[in-house]
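Numbering-wise, our numbering comes out as the position in the sequence shown, counting from 1, plus 1377.
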Amino acid sequence: MMNWAEVDTYAKRWIMEAGMSIRESFTHSLQISSKSEPNDLVTNIDKETEQFFARNIREQFPSHRILGEEGFGDKLQSLNGVVWIIDPIDGTMNFIHQRRNFAISIGVYKDGVGHLGYIYDVVQDELYFAEKGKGAFLNDVQLPNLQQKKVEEAILNINATWLIRNKRMDPKILIPLANTVRGTRSFGSAAIEMAYIASGRLDCYITMRLSPWDFAAGKVIVEEVGGIVTDLGGNPLNLMGVNPVFVSKPGLHQEILERFLLKNTHS
Ligand code: 2AM
Ligand code: CA
Ligand code: CA
Ligand code: CA
């Protein structure tokens, strides 16, 4: 039997410690570079934070493996065993430009199943946490199960990128949805956006290109309060690849699939 309580104790301790050093880093200047494209940014703090987690996990749990955005984890061919899926800073552009609206995001999976999820909004000092089967929490307060809501009353999180001409999605599919919901928002951190679904601050979220470290923690937390995490066809996400992602309250998920996403892809 896995001792999840032990893993949880260390995970929370390391997340709080990393959060403190990220807040302290605000007084120093950042080293910024770009990765695959000019807007795909990384800083020395992203790298140092991932290295901090990798070092501690390897020392405390040598049999566990690590999948991290910045490449200090292991080269994984599968999700067998215990795998920490780590995004040291989710929302790097916000981190650089705003010094807020970014999070540490960590999911701990066993044989491909999410058991622990952590999203730590470092500046707000809000830790979203869930353990599979044991509920989701915002700091010490348990989050209630998500209630149904109609599309017309929903707040949709979507980046404007996907509503204008882009490489990944025909905006004709998403514009009618954006026109029907009560309002749209975009926070620029997938982890925070998923945490906001879990806490009811948002009702649904659509984005076209997330990697496992962007959604691993959020999936555990959202599902623990009854939310649904799929691709835009309603299918399960690929935890080893890049995915379009659709996260929503129950009921609303089905309604949006039927009235907008599936309807339009077949027309
Ligand atoms: P990141 O900040 O960890 O890179 C921004 O809209 C959201 O999408 C963030 O959660 C960001 O994570 C994520 N994202 C995923 N792939 C990205 C990419 N290639 N460029 C910028 N943001 C990306
Ligand atoms: Ca990144
Ligand atoms: Ca990310
Ligand atoms: Ca990141």
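All C-beta atoms, glycine included, are put in the ideal place defined by N, C-alpha and C.
All values derive from a computational prediction rather than experimental measurement.
Under 7 angstroms: does the beta carbon of Glu-1446 sit that close to some heavy atom of ligand 1? Taking 7 angstroms as the cut-off, one finds at least one heavy atom of ligand 1 near enough to the beta carbon of Glu-1446.
Please report how far the alpha carbon of Gly-1611 lies from the alpha carbon of Ile-1392, in whole angstroms. Gly-1611 and Ile-1392 have their C-alpha atoms spaced approximately 32 angstroms apart.
How should Val-1480 be labelled, buried or exposed, when 16 other C-beta atoms within 10 angstroms of its C-beta is the threshold for buried? Correcting the residue identity first, residue 1480 is Ala in this sequence and not Val. Buried, since its Cβ has 16 or more Cβ neighbours within 10 Å.
If you drop the 5 nearest sequence neighbours on each side, which residues of the same chain put their C-beta closer than 6 angstroms to that of Gln-1428? Correct list, in chain order: Phe-1449.
Go through its chain and collect everything with a Cβ distance to Arg-1442's Cβ below 8 angstroms, but skip five positions before and after it. Excluding positions up to five away in sequence, the list reads Gly-1450, Asp-1451, Leu-1453, Gly-1458, Val-1459, Val-1460 and Trp-1461.
Asp-1467: which of Phe-1430, Arg-1562, Asp-1423 and Ala-1507 sits nearest, CA to CA? Minimum Cα distance to Asp-1467 is reached at Asp-1423.
Go ahead and pull the three-state DSSP assignment for Glu-1508. DSSP places Glu-1508 in strand when its eight states are reduced to three.
Got a sec: does ligand 1 put a non-hydrogen atom nearer than 7 angstroms to the Cβ of Met-1699? Absent from the structure is residue 1699, since the part of the chain shown begins at 1378 and ends at 1644.
Are Ile-1535 and Ile-1574 touching if we call contact CB-CB under 8 angstroms? Their beta carbons are not under 8 angstroms apart, which means Ile-1535 does not touch Ile-1574 by this criterion.
Looking at ligand 3, does it come within less than 7 angstroms of Asp-1417, judged from the CB to the closest heavy atom? Incorrect: Asp-1417 has no Cβ contact closer than 7 angstroms to ligand 3.
Measure the C-alpha to C-alpha separation of Asp-1547 and Trp-1539 and round it to an integer number of angstroms. Each residue's alpha carbon lies about 8 angstroms from the other.
Using alpha carbons as the reference points, say which of Lys-1596, Lys-1626 and Ala-1382 lies closest to Val-1490. Looking at the Cα atoms, Lys-1596 is the closest of the given residues.
Would you say Thr-1469 touches ligand 6, meaning its beta carbon is less than 7 angstroms from a heavy atom? As for ligand 6, it is missing from this structure, which binds only ligand 1, ligand 2, ligand 3 and ligand 4.
With respect to the alpha helix (DSSP H) encompassing Lys-1389, which residues constitute its N-terminal and C-terminal limits? Residues 1381-1402.
Could you tell me if the beta carbon of Asp-1488 falls within a distance shorter than 7 angstroms of some heavy atom in ligand 3? No - ligand 3 has no heavy atom lying nearer than 7 angstroms to the Cβ of Asp-1488.
Sequence-distant residues of the same chain with beta carbon closer than 6 angstroms to Leu-1638, five excluded per side: Annotation for Leu-1638: Leu-1609 place their beta carbon closer than 6 angstroms to its own, counting only its chain and skipping 5 residues before and after.
Considering only C-alpha positions, which residue in the set Gln-1408, Gly-1577 and Arg-1390 is nearest to Leu-1533? Cα-wise, what sits closest to Leu-1533 is Gly-1577.
Where does Asn-1416 sit, in a helix, a strand or coil, going by DSSP? In this structure, Asn-1416 counts as coil in the three-state DSSP scheme.
Candidates Ala-1593, Leu-1551 and Ala-1568, of which the one nearest Glu-1635 by Cα: Relative to the Cα of Glu-1635, the nearest Cα in the group Ala-1593, Leu-1551 and Ala-1568 belongs to Leu-1551.
Please determine whether the Cβ atom of Asp-1464 lies at a distance below 7 angstroms from any heavy atom of ligand 4. Because some heavy atom of ligand 4 lies under 7 angstroms away, the Cβ of Asp-1464 counts as near it: yes.
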